[in-house]
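Asks:
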Amino acid sequence: MFNSANKFINTKKLFYICLTLSILISSFFVSKINSAPSARALIGPISVVGEVSVPEQQILFNHLREKLNKRYHLVSHKMLELITEHGISSIDIEDCADSKCVRTVQNFVNNLRQQFNTDELFLFQVVQSKTETQLSLKLASLSLPEVTRRIVTQTCRECDIEKLMQNVDIIVQRMLEKIAGEEVTPSEEAVATEKVAPSKEEIALPDEADQPESVERLEIVEEKTPVAPAPDPYIVDRDSYNQQISKLLLDVTYALQIFRSGMFVQIEVSIDPYGSVVKQRIIKSSGSRDFDETAIISLEEIQFDPLPETMLKYGNYVVILQIQNSR
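And the structure:
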């Protein structure tokens, strides 16, 4: 009886020791998960096409950054705005019209990649017509900016700022789900390599083997493979139209050769469906009134091509042009 009592006491002690170890191990892993650092990511300045007020732009952009900040440590978009010092108005390589611009953007983002030790670049765009607003969030790699990894869009009709903020939540959620889908396959493979002993199903006898079951499993894996999204017709036509605009702007740059080299002006231009300039507004002056007026007069004399059919539903095409002299 005395031995039975000792055995009971020892068993009880062993139980408490195992319980304590389990609690300590659980606490260790929870603390490791909670203290895991977020990845870094760069986010470009907001790109706007159409009539969107500056306060609304800032509200949407701030809300986007807040949502992305739950997953990433965000590098300030002001770092990307420094590319204007190289005479380029946009960090998006799709806005380039010549090889020099492409090389400049590639070198610029490569330096940022090395400086901040990240490869993630998010680009946010708002396109607004009279009744519709489209939000677009694109993910590109700093190591390969000419390739779009992921892009999500959300269109809203006659929406106020509160509804647009909800749409920002939607595109961020969809983007993060797509990114998580890219990470699922590697993590599953890593877990599979840690097996010490095969399971019973993996050592099935010949008469227990079920070939159709293995085929079914293969089909399930194949269904998880993400399908590349079809390119947005609007974005394709917009980029092509921007390239045509860049070619026609050569005449304007030639007219500005009489001024000091290195001067530039940023002008917001509204182009109607027939390709005529109906409105101009200086966004950033060159500092010379004569230079700015010469650029505006030269733009008024240009007849652009009619807008593509996919761009007509958004009304007039509003674009910011950076015009500089070259000699």
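Under my numbering, the letters of the sequence shown match residues 1 to 327, in that order.
Just so you know, even glycine gets a beta-carbon here, dropped at the ideal spot from N, CA and C.
These figures come from a predicted structure and were not determined experimentally.
#1: DSSP three-state call for E309: helix, strand or coil?
#2: Taking three-plus beta-carbon pairs below 8 Å as touching, is the region 282-301 in contact with the region 244-261?
#3: Could you check if G44 is buried or exposed, using at least 16 other CB atoms within 10 Å of its CB as the buried criterion?
#4: To the nearest angstrom, report how far apart F124 and S246 are at their CA atoms.
#5: Use the C-beta contact count for P37: other C-beta atoms within 10 angstroms, 16 or more gives buried, fewer gives exposed.
#6: Compute the beta-carbon to beta-carbon distance between M175 and L60, rounded to the nearest angstrom, for a pair I have assumed lies under 8 Å.
#7: Do you know how far the Cα of E177 is from the Cα of V102?
#8: If we ignore side chains and look at the alpha-carbon of each, how far apart do Q57 and H63 end up?
#9: Answer yes if the region 144-155 comes into contact with the region 75-83, meaning at least three C-beta pairs across the two stretches below 8 Å, and no otherwise.
#10: Output the distance between the C-alpha atoms of G262 and L256, rounded to the nearest integer angstrom.
#11: Quick check on I258: buried or exposed, where buried means 16 or more other Cβ atoms within 10 Å of its Cβ?
#12: Kindly indicate which three-state DSSP category P55 falls into: helix, strand or coil?
#13: For F124, which of helix, strand or coil comes out of DSSP?
#14: Could you tell me the distance, in whole angstroms, from the CA atom of T148 to the CA atom of N69?
#15: Between the beta-carbon of V265 and the beta-carbon of I271, is there less than 9 Å?
#16: Which residue wins for smallest C-alpha separation from Y317, given the options V49, A39, C159, K130?
#17: By Cβ distance, which residues of its chain are closer than 8 Å to G275, with the 5 residues on each side in sequence left out?
#18: When DSSP builds the beta bridges, which residues end up paired with Q266?
#19: Skipping 5 residues on each side, what residues in its chain have a beta carbon closer than 8 Å to that of K195?
#20: When the distance is taken between beta carbons, is A140 closer than 9 Å to I93?
Replies: On the basis of the supplied data:
#1: In the structure shown, E309 sits in a helix (DSSP, three-state: H, G or I).
#2: In short, these stretches touch, since the Cβ pair count reaches three.
#3: Buried is the call here.
#4: CA-CA distance, F124 to S246, rounds to 23 Å.
#5: For P37, the predicted model reports a pLDDT of 47, less than 50, meaning its position is unreliable and no value from the coordinates is stated.
#6: That pair is no contact at about 15 Å.
#7: Approximately 30 Å, taken between the alpha carbons.
#8: Roughly 10 Å between the two C-alpha positions.
#9: Taking a cut-off of 8 Å on C-beta distances, the region 75-83 does not touch the region 144-155, as fewer than three cross pairs fall below it.
#10: Cα to Cα, the separation comes out at about 10 Å.
#11: Burial check for I258: the Cβ neighbour count within 10 Å stays below 16, so the residue is exposed.
#12: Here P55 sits in helix by DSSP.
#13: Strand, per DSSP.
#14: Looking at the two C-alpha atoms, the distance is approximately 21 Å.
#15: With a cutoff of 9 Å on beta-carbon distance, V265 and I271 are scored as not near each other.
#16: Of the candidates V49, A39, C159, K130, the one whose C-alpha sits nearest the C-alpha of Y317 is V49.
#17: Counting only Cβ-Cβ distances below 8 Å, and skipping sequence neighbours, we find Q303, F304, D305, P306, L307.
#18: Its beta-bridge partners are K284, Q322.
#19: Residue confidence is low: K195 scores 47 on pLDDT, short of 50, so the model does not pin down where it sits. Its coordinate-derived value is still stated next. Result list for K195: empty, nothing under 8 Å.
#20: For I93 and A140, yes; Cβs fall inside 9 Å.
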